[in-house]
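Worksheet: one structure, shown below.
Residue numbers (this note's numbering): 1 to 339.
Take a look at the structure:
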């Protein structure tokens with residue numbers, strides 16, 4: 001950007017063994033560039049997730065939700081292992097990742113995948129699948145709220161209307177033309193509490209993963225998606241083999257699984273990068289728009305004309321996202337988070 005200079009900033013680093021301290025010169029331009037790159041990675045993840053909904057529905061209908069998930073994550077896991085096998089630097093990076101990051105972020109990552117697909121698999125009808133999707137899209141809200149505790153963010157009163165408008169927009173976008181109401185949701189929760197509990201648990205797990213990744217891996221040059229995805233694939237394969245039968249494999253579903261698996265790997269890698277080094281609050285607020293983009297892409301792919309609620313929901317979502325983004329600030333500037 002014009003007018004920027006490579007301005008070094010002094011900071012103090014304390015040696016943990018000797019207790020002595022030394023002065024370091026930090027290149028703010030480099031840190032800002034890293035933050036900008038990480039933020040763009042978050043937008044890439046949101047865009048990729050938005051383009052996969054229609055194909056995910058197609059594979060789930062043909063294979064069952066758990067088998068489809070196992071197949072997709074197997075492709076993503078295979079790509080991760082291939083990249084690991086070809087890069088000594090990546091393997092060394094994983095060995096140097098803090099143990100608390102490995103366990104503290106690995107468990108929520110795995111929990112999210114298993115809980116979400118089990119919730120969908122246990123749904124009794126399409127309406128329950130839609131309502132569980134609504135619960136899953138609580139994760140941007142929960143991510144911002146948890147950041148106030150885990151990352152010590154501050155928030156002003158704009159967070160309240162921002163959160164309300166974002167949730168209302170998600171409801172309008174995802175329920176367009178469907179007979180969904182708060183009463184029907186409560187009735188279905190009482191009829192199938194396990195599925196809805198898993199859906200809510202999935203949203204909480206992803207919000208926790210995003211925050212802990214920022215807190216524990218912000219200084220790490222290597223993320224753990226290359227390890228988390230293969231482990232997730234193995235667990236989903238076991239669950240799918242135990243619970244689903246009679247899958248209809250064909251060339252179309254193989255191509256869809258291959259595409260989804262590739263996109264899934266890129267999206268999760270991009271999201272983790274964003275959570276580690278990007279503008280956390282901006283990307284999280286932007287993630288509110290995922291259901292809108294998903295619905296638009298699915299409508300185009302499936303040749304379904306969107307109704308007015310989609311565009312109304314879009315406007316409400318954008319306003320809620322902007323208010324949420326404006327309401328939350330870090331205790332220190334994003335560009336100096338490494339100090």
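The beta carbon of each residue, even a glycine, is placed where N, CA and C say it ideally should be.
If you're wondering where the values come from, they're calculated on a predicted model, not measured in any experiment.
Alpha-carbon to alpha-carbon, residue j and residue i
i, j, result
"residue 122", "residue 194", "8 Å"
"residue 155", "residue 43", "23 Å"
"residue 60", "residue 69", "8 Å"
"residue 164", "residue 141", "9 Å"
"residue 229", "residue 131", "26 Å"
"residue 67", "residue 51", "20 Å"
"residue 168", "residue 86", "46 Å"
"residue 319", "residue 260", "31 Å"
"residue 46", "residue 71", "22 Å"
"residue 73", "residue 205", "18 Å"
"residue 325", "residue 215", "19 Å"
"residue 181", "residue 188", "11 Å"
"residue 147", "residue 273", "17 Å"
"residue 277", "residue 245", "42 Å"
"residue 255", "residue 127", "28 Å"
"residue 286", "residue 97", "28 Å"
"residue 241", "residue 247", "11 Å"
Span of the alpha helix (DSSP H) around residue i
i, result
"residue 268", "251-277"
"residue 191", "182-191"
"residue 64", "No alpha helix (DSSP H) contains residue 64, which DSSP labels as neither H nor E."
"residue 102", "99-122"
"residue 281", "280-286"
"residue 243", "225-243"
"residue 141", "139-150"
"residue 90", "88-95"
"residue 125", "That residue, residue 125, is in no alpha helix (DSSP H); it is neither H nor E in DSSP."
Whole-angstrom C-beta distance between residue j and residue i, which should lie under 8 Å
i, j, result
"residue 78", "residue 201", "That belief does not hold up - the Cβ atoms of residue 78 and residue 201 are roughly 28 Å apart, past 8 Å."
"residue 144", "residue 212", "Contact doesn't hold; Cβ gap of about 15 Å is too wide."
"residue 32", "residue 279", "About 10 Å; that fails the 8 Å criterion."
"residue 80", "residue 225", "7 Å"
"residue 112", "residue 291", "Wrong, their Cβ atoms sit about 17 Å apart, outside the cutoff."
"residue 48", "residue 266", "6 Å"
Helix, strand or coil at residue i according to DSSP, with G and I counted as helix
i, result
"residue 155", "strand"
"residue 200", "helix"
"residue 323", "helix"
"residue 328", "strand"
Test item: CB-CB of residue i and residue j under 8 Å
i, j, result
"residue 327", "residue 288", "no"
"residue 105", "residue 217", "yes"
"residue 108", "residue 186", "no"
"residue 298", "residue 53", "yes"
"residue 63", "residue 296", "no"
"residue 198", "residue 118", "yes"
"residue 90", "residue 82", "no"
"residue 55", "residue 166", "no"
"residue 139", "residue 203", "yes"
"residue 170", "residue 134", "yes"
"residue 323", "residue 110", "no"
"residue 38", "residue 264", "no"
"residue 124", "residue 192", "yes"
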